[in-house]
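Since the structure comes first, as structure tokens, the remarks are kept for the end.
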Amino acid sequence: MTTAAAQWCGRLWRLAMGNKYTVPLNVGAIRESCFRPADKWTPPTGDELRYLLENVLNLSQEGLARHVGVNGRTVRRWVNGESDIAYSVWCVLCIDAGLPPIWK
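Here is the structure:
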């Protein structure tokens, strides 16, 4: 791990530990580029989205669909990697996970 990566991991760990969830965000599970403003953002993979839902938010795919107002098929496409989650929806999930606004 590079020094920059270690520093980023430390910052994200502190952010994750300060939220209301008991499971810390495993920084190796989601790429740093997924936490950037829209012009530099990389959409999370299905595995990264699944990790956030199951291990941080404790939210089912059906629960996510209800939470953001989409149908279950749309969420399945995101989780299966068939389509990218919308940046706005990802921002909502990051806020729900206790992370600061990524769009700033």
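Using our numbering, you'd call the opening residue of the sequence shown number 683 and step up by one each time. Built from N, CA and C at the ideal position, the CB exists for glycine as well. Nothing here was measured: the structure is a model prediction, and the numbers come from that model.
For residue i, which three-state DSSP category applies?
| i | result |
| --- | --- |
| Trp723 | coil |
| Gly745 | helix |
| Val752 | coil |
| Glu764 | coil |
| Thr704 | Only weak support is given to the placement of Thr704: the predicted model assigns it a pLDDT of 39, under 50, and the value that follows is read from those uncertain coordinates. Note: Thr704 maps to coil in three-state DSSP. |
| Leu781 | coil |
Below 7 Å between beta carbons: does that hold for residue i and residue j?
| i | j | result |
| --- | --- | --- |
| Leu739 | Trp760 | no |
| Asn762 | Gly728 | yes |
Please go through the same chain and pick out, in chain order, the residues whose beta-carbon is closer than 8 Å to the beta-carbon of residue i, but skip the five residues on each side of it.
| i | result |
| --- | --- |
| Cys716 | Trp723, Thr724, Pro725, Pro726, Glu730, Trp772 |
Nearest-angstrom Cα distance between residue i and residue j?
| i | j | result |
| --- | --- | --- |
| Ile712 | Leu735 | 12 Å |
| Trp785 | Ala779 | 15 Å |
| Tyr769 | Leu746 | 15 Å |
| Asp721 | Leu781 | 19 Å |
| Cys776 | Arg748 | 17 Å |
Going by beta carbon distance, what residues of the same chain come within less than 6 Å of residue i, once the five residues before and after it are set aside?
| i | result |
| --- | --- |
| Thr756 | none |
| Pro783 | none |
Would you say residue i reaches chain B, if we count a Cβ-Cβ gap shorter than 7 Å as a contact?
| i | result |
| --- | --- |
| Leu735 | The structure shown has no chain B; it contains just one protein chain. |
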